[in-house]
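As C-alpha coordinates, the structure follows; a few thoughts come after it.
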(Lines of atoms letter the chains of each structure in order from A; the text may use other names.)
(Lines give C-alpha, C1' and ligand atoms only; values in the text may rest on other atoms or scores of the structure.)
Protein backbone atom coordinates (compact mmCIF):
# COMPACT_ATOMS: atom_id res chain seq x y z
CA UNK A 1 0.00 0.00 0.00
CA UNK A 2 2.84 2.41 0.71
CA UNK A 3 4.09 2.20 -2.88
CA UNK A 4 0.59 3.03 -4.13
CA UNK A 5 0.41 5.98 -1.74
CA UNK A 6 3.81 7.22 -2.90
CA UNK A 7 2.70 6.90 -6.53
CA UNK A 8 -0.22 9.24 -5.83
CA UNK A 9 2.17 11.84 -4.42
CA UNK A 10 5.23 11.42 -6.64
CA UNK A 11 5.18 9.01 -9.58
CA UNK A 12 8.90 9.44 -10.26
CA UNK A 13 9.79 8.50 -6.69
CA UNK A 14 7.41 5.53 -6.82
CA UNK A 15 9.01 4.31 -10.05
CA UNK A 16 12.48 4.71 -8.55
CA UNK A 17 11.45 2.78 -5.42
CA UNK A 18 9.82 0.04 -7.52
CA UNK A 19 13.01 -0.37 -9.56
CA UNK A 20 15.03 -0.61 -6.35
CA UNK A 21 12.61 -3.14 -4.81
CA UNK A 22 12.03 -5.22 -7.92
CA UNK A 23 14.87 -7.64 -7.18
CA UNK A 24 13.98 -8.09 -3.51
CA UNK A 25 12.39 -11.40 -2.62
CA UNK A 26 8.80 -10.26 -2.42
CA UNK A 27 5.54 -12.06 -2.87
CA UNK A 28 1.84 -11.48 -2.65
CA UNK A 29 0.47 -7.97 -2.61
CA UNK A 30 3.88 -6.28 -2.35
CA UNK A 31 5.15 -8.08 -5.47
CA UNK A 32 1.96 -7.08 -7.28
CA UNK A 33 2.34 -3.45 -6.15
CA UNK A 34 5.89 -3.36 -7.49
CA UNK A 35 4.86 -4.80 -10.87
CA UNK A 36 1.81 -2.53 -10.96
CA UNK A 37 3.93 0.55 -10.32
CA UNK A 38 6.44 -0.49 -12.97
CA UNK A 39 3.60 -1.06 -15.44
CA UNK A 40 1.87 2.21 -14.61
CA UNK A 41 4.91 4.46 -14.87
CA UNK A 42 7.37 2.42 -16.92
CA UNK A 43 8.47 3.30 -20.42
CA UNK A 44 8.86 1.12 -23.46
CA UNK A 45 12.53 0.74 -22.49
CA UNK A 46 11.40 -1.05 -19.31
CA UNK A 47 9.55 -3.75 -21.26
CA UNK A 48 11.88 -6.67 -20.52
CA UNK A 49 11.91 -5.93 -16.79
CA UNK A 50 8.14 -5.44 -16.54
CA UNK A 51 7.32 -8.49 -18.68
CA UNK A 52 9.72 -10.66 -16.70
CA UNK A 53 8.39 -9.55 -13.32
CA UNK A 54 4.77 -9.91 -14.45
CA UNK A 55 5.53 -13.42 -15.67
CA UNK A 56 7.13 -14.28 -12.31
CA UNK A 57 3.98 -13.43 -10.35
CA UNK A 58 2.28 -16.62 -9.19
CA UNK A 59 -1.24 -15.14 -9.23
CA UNK A 60 -1.86 -12.60 -11.97
CA UNK A 61 -5.59 -11.79 -12.24
CA UNK A 62 -5.40 -8.67 -10.08
CA UNK A 63 -2.43 -7.21 -11.93
CA UNK A 64 -3.22 -8.25 -15.52
CA UNK A 65 -5.25 -5.10 -16.14
CA UNK A 66 -2.17 -3.02 -15.21
CA UNK A 67 -0.07 -5.07 -17.63
CA UNK A 68 -2.68 -4.55 -20.37
CA UNK A 69 -2.63 -0.80 -19.73
CA UNK A 70 1.16 -0.84 -20.02
CA UNK A 71 0.96 -2.80 -23.30
CA UNK A 72 -1.52 -0.25 -24.64
CA UNK A 73 1.32 2.32 -24.55
CA UNK A 74 3.82 0.07 -26.36
CA UNK A 75 4.56 1.19 -29.91
CA UNK A 76 7.07 -1.54 -30.80
CA UNK A 77 5.11 -4.37 -32.42
CA UNK A 78 7.54 -7.13 -31.41
CA UNK A 79 7.36 -6.10 -27.76
CA UNK A 80 3.57 -5.92 -27.97
CA UNK A 81 3.47 -9.43 -29.43
CA UNK A 82 5.66 -10.76 -26.62
CA UNK A 83 3.42 -9.10 -24.05
CA UNK A 84 0.25 -10.48 -25.64
CA UNK A 85 1.82 -13.94 -25.77
CA UNK A 86 2.57 -13.68 -22.04
CA UNK A 87 -1.10 -12.91 -21.39
CA UNK A 88 -2.12 -15.82 -23.62
CA UNK A 89 0.17 -18.13 -21.65
CA UNK A 90 -1.47 -16.92 -18.47
CA UNK A 91 -4.96 -17.38 -19.97
CA UNK A 92 -4.14 -20.96 -20.88
CA UNK A 93 -2.79 -21.78 -17.42
CA UNK A 94 -5.78 -20.65 -15.33
CA UNK A 95 -9.25 -22.09 -14.74
CA UNK A 96 -11.55 -21.56 -17.70
CA UNK A 97 -13.92 -19.27 -15.80
CA UNK A 98 -11.23 -16.55 -16.10
CA UNK A 99 -11.02 -16.99 -19.89
CA UNK A 100 -13.93 -14.67 -20.68
CA UNK A 101 -12.43 -11.98 -18.45
CA UNK A 102 -9.04 -12.25 -20.16
CA UNK A 103 -10.57 -12.29 -23.66
CA UNK A 104 -13.06 -9.49 -23.14
CA UNK A 105 -11.64 -7.23 -20.44
CA UNK A 106 -7.94 -7.58 -21.19
CA UNK A 107 -7.36 -8.57 -24.82
CA UNK A 108 -10.60 -7.00 -26.07
CA UNK A 109 -9.81 -3.69 -24.37
CA UNK A 110 -6.23 -3.79 -25.65
CA UNK A 111 -7.52 -4.49 -29.16
CA UNK A 112 -9.89 -1.52 -29.01
CA UNK A 113 -7.09 0.78 -27.83
CA UNK A 114 -4.74 -0.33 -30.60
CA UNK A 115 -7.49 0.08 -33.22
CA UNK A 116 -8.24 3.59 -31.92
CA UNK A 117 -4.56 4.47 -32.24
CA UNK A 118 -4.46 3.13 -35.80
CA UNK A 119 -1.87 0.48 -34.91
CA UNK A 120 -3.30 -2.00 -37.39
CA UNK A 121 -0.51 -4.60 -37.25
CA UNK A 122 -0.75 -4.76 -33.46
CA UNK A 123 -4.56 -4.90 -33.55
CA UNK A 124 -4.50 -7.72 -36.11
CA UNK A 125 -2.08 -9.72 -33.98
CA UNK A 126 -4.32 -9.35 -30.93
CA UNK A 127 -7.33 -10.43 -33.01
CA UNK A 128 -5.59 -13.68 -33.92
CA UNK A 129 -5.34 -14.49 -30.20
CA UNK A 130 -9.06 -14.06 -29.56
CA UNK A 131 -11.68 -16.75 -30.10
CA UNK A 132 -13.15 -16.70 -33.61
CA UNK A 133 -16.49 -15.53 -32.21
CA UNK A 134 -14.86 -12.33 -30.90
CA UNK A 135 -12.61 -11.50 -33.84
CA UNK A 136 -15.24 -9.63 -35.84
CA UNK A 137 -17.13 -8.04 -32.98
CA UNK A 138 -16.74 -4.49 -31.80
CA UNK A 139 -15.14 -5.04 -28.44
CA UNK A 140 -15.89 -1.80 -26.58
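Residue numbers (this note's numbering): 1 to 140.
We put the beta carbon where it would ideally sit given N, CA and C, even for glycine.
| task | Starting from the Cα of residue 65, find the closest Cα among 105, 91, 37, 112 and give me that residue. | result | Counting from one through the chain shown, the residue named residue 65 turns up at place 65. It is 105 whose Cα lies nearest to the Cα of residue 65.
| query | For residue 44, which residues of its own chain have a beta-carbon under 8 Å away from its beta-carbon, when the five flanking residues on both sides are left out? | reply | By one-based count along the chain shown, residue 44 stands at place 44. Answer for residue 44: 73, 74, 75, 76, 79, listed in chain order.
| message | Check for me: the alpha helix (DSSP H) holding residue 71 runs from which residue to which? | response | Walking along the chain shown from the start, residue 71 turns up at place 71. Segment 61–72, the alpha helix (DSSP H) holding residue 71.
| Short check: CB of residue 7 to CB of residue 26, under 7 Å? | To locate residue 7, count along the chain shown from 1; it is residue 7. To locate residue 26, count along the chain shown from 1; it is residue 26. Not in contact: residue 7 and residue 26 (Cβ atoms no closer than 7 Å).
| Under the rule that 16 or more other beta-carbon atoms within 10 Å means buried, what is residue 23, buried or exposed? | For the purposes of this step, residue 23 is identified with residue 23 of the chain shown, where counting begins at 1. Flag for residue 23 reads exposed.
| query | If you check the beta carbons only, do residue 51 and residue 83 fall under 7 Å apart? | reply | By one-based count along the chain shown, residue 51 stands at place 51. By one-based count along the chain shown, residue 83 stands at place 83. Yes. Within cutoff.
| message | DSSP three-state label for residue 43, please. | response | Locating residue 43 in the chain shown gives position 43, counting from the first residue. Residue 43: coil per DSSP, three-state reduction.
| query | For the alpha helix (DSSP H) that residue 122 lies in, which residues bound it at each end? | reply | The residue you call residue 122 lines up with position 122 of the chain shown. Looking at the DSSP string, the run of the alpha helix (DSSP H) that includes residue 122 is 120–128.
| task | Assign residue 103 to one of three DSSP states: helix, strand, or coil. | result | Along the chain shown, read from residue 1 onward, the residue named residue 103 stands at position 103. DSSP places residue 103 in helix when its eight states are reduced to three.
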